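Accompanying notes for the structure given below.
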Amino acid sequence: MTILNLSPAEFFALDDFMYFQQDRVDDTVTDNEVKSILEMSKQQGILHILDTPCGYGRHSKAFMKLGHRVTGIDISPCFIAQAQMHDFGDRGQFIQGEMDNMMEEHQFDLIVNLFNSFGYYPHARNIRFLERCARQLKSSGEIVIDTINGATLESSGFMKTVVINKGDENLIIKKEVSGIQYEQGVSLQYTITSHRKDRSCCTTFDVVFYRPEELARMLHHSGFKQVDFYSGLVSDRNWNPESKKMVVVAQK
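Set out below in structure tokens:
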């Protein structure tokens with residue numbers, strides 16, 4: 001079968017990524033991640049949360065179950081359609097668009113950027129994303145970024161090819177270093193190939209992963225005053241510079 005080469009927007013407009021990923025994480029894991037995020041945050045009470053990008057809404061759903069209001073943004077129409085199936089009345093709003101779309105200023109108590117979604121833009125635009133997040137947060141609001149530690153990409157095993165099988169179908173994720181710039185992170189080229197019964201397609205794009213000190217500088221530059229690091233969302237949260245995961249909680 002011929003493999004169709006698609007742009008990232010075309011690829012994620014399909015349901016392939018959600019098809020292979022959706023069953024890998026159950027609600028209990030997501031509920032525990034959301035509970036941990038709220039524990040790490042200094043925000044109190046019922047929150048207005050921006051989930052960007054929200055994917056198919058698994059974290060948004062967990063936040064809404066706890067009574068919080070959520071605005072979710074994602075570029076994929078399939079993800080947004082799935083997220084909109086979570087019926088929590090006026091507690092949830094889901095919008096198709098780029099994750100750095102500017103919303104109303106001083107609107108949110110908490111912004112979450114989860115599942116290694118930071119760094120999908122060139123360096124200058126990644127900084128603008130953080131600056132926009134700071135403007136969208138209320139006074140003393142926070143952002144939580146769940147990403148990969150750019151200092152340990154090789155030693156942590158993150159660079160290994162990932163194959164997700166579902167019967168005779170599979171999704172293959174390959175990564176290779178495409179650039180290293182001083183104080184501007186490590187750029188990885190991703191190639192994602194989906195083999196389904198009725199089609200095979202692939203896409204290629206770059207993601208920038210930052211070292212802890214680089215991300216801290218970017219956040220301070222963007223208007224965040226306090227920046228704390230953790231080694232994961234749930235287990236082994238105490239910060240270890242050698243960890244694979246890097247969770248950052250930054251407050252205005």
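Mapping of the sequence shown onto UniProt numbering: position 118 corresponds to residue 118, and the numbering continues sequentially without gaps. Note that CB positions come from ideal geometry on N, CA and C, so glycine has one too. Owing to the predicted nature of the structure, the values given are computational and were not obtained by experimental measurement.
Pop quiz: residue i and residue j are said to be a contact at Cβ under 8 Å. What is the actual Cβ separation, rounded to whole angstroms?
{"i": "residue 133", "j": "residue 94", "result": "Between residue 94 and residue 133 the Cβ distance is about 18 Å, and since that is not below 8 Å, they are no contact."}
{"i": "residue 68", "j": "residue 37", "result": "That pair is no contact at about 11 Å."}
{"i": "residue 214", "j": "residue 183", "result": "6 Å"}
{"i": "residue 110", "j": "residue 72", "result": "Between residue 72 and residue 110 the Cβ distance is about 13 Å, and since that is not below 8 Å, they are no contact."}
{"i": "residue 22", "j": "residue 56", "result": "7 Å"}
{"i": "residue 89", "j": "residue 207", "result": "No, residue 89 and residue 207 are not in contact; Cβ-Cβ is about 35 Å, not under 8 Å."}
{"i": "residue 171", "j": "residue 209", "result": "At roughly 21 Å, the Cβ-Cβ gap does not stay under 8 Å, so residue 171 and residue 209 are not in contact."}
{"i": "residue 136", "j": "residue 103", "result": "5 Å"}
{"i": "residue 14", "j": "residue 59", "result": "Contact flag wrong, Cβ pair sits at about 22 Å."}
Helix, strand or coil: how does DSSP classify residue i here?
{"i": "residue 182", "result": "coil"}
{"i": "residue 20", "result": "helix"}
{"i": "residue 25", "result": "coil"}
{"i": "residue 146", "result": "strand"}
{"i": "residue 89", "result": "helix"}
{"i": "residue 79", "result": "helix"}
{"i": "residue 195", "result": "strand"}
{"i": "residue 113", "result": "strand"}
{"i": "residue 15", "result": "coil"}
{"i": "residue 287", "result": "Because the chain here runs from 1 to 252, residue 287 falls outside it and cannot be looked at."}
{"i": "residue 130", "result": "helix"}
{"i": "residue 176", "result": "strand"}
{"i": "residue 165", "result": "strand"}
{"i": "residue 71", "result": "strand"}
{"i": "residue 204", "result": "strand"}
{"i": "residue 189", "result": "strand"}
{"i": "residue 5", "result": "strand"}
{"i": "residue 170", "result": "strand"}
{"i": "residue 96", "result": "strand"}
For residue i, which residues in the same chain have their Cβ closer than 6 Å to its Cβ, ignoring the five residues on either side in sequence?
{"i": "residue 173", "result": "162 and 192"}
{"i": "residue 226", "result": "251"}
{"i": "residue 144", "result": "37, 112 and 249"}
{"i": "residue 176", "result": "189"}
{"i": "residue 116", "result": "147 and 148"}
{"i": "residue 150", "result": "185, 186, 209, 210 and 211"}
Here's a check: name, in chain order, each residue in its chain whose Cβ is nearer than 8 Å to the Cβ of residue i, leaving out the five neighbours to either side.
{"i": "residue 75", "result": "9, 12, 53, 96, 97, 98 and 99"}
{"i": "residue 91", "result": "64, 67, 68, 69 and 70"}
{"i": "residue 232", "result": "243, 245 and 247"}
{"i": "residue 202", "result": "3, 4, 5, 6, 11, 191, 192, 193 and 194"}
{"i": "residue 180", "result": "186 and 187"}
{"i": "residue 237", "result": "36, 40, 230, 231 and 247"}
{"i": "residue 24", "result": "164"}
Considering only residues of the same chain and omitting the five flanking positions on each side of residue i, which have a CB-CB separation below 7 Å?
{"i": "residue 166", "result": "20"}
{"i": "residue 329", "result": "In this structure the chain extends from 1 to 252, so residue 329 is not present and cannot be described."}
- Item | Contiguous alpha helix (DSSP H) assignments of at least 4 residues, all confined to the segment 35-67 | 58-65
- Message: Which complete beta strand (DSSP E) runs does the segment 214-246 hold, if anything under 3 residues is left out?
- Response: 226-230
- Contact between the segment 149-165 and the segment 121-137 (3+ Cβ pairs under 8 Å): no
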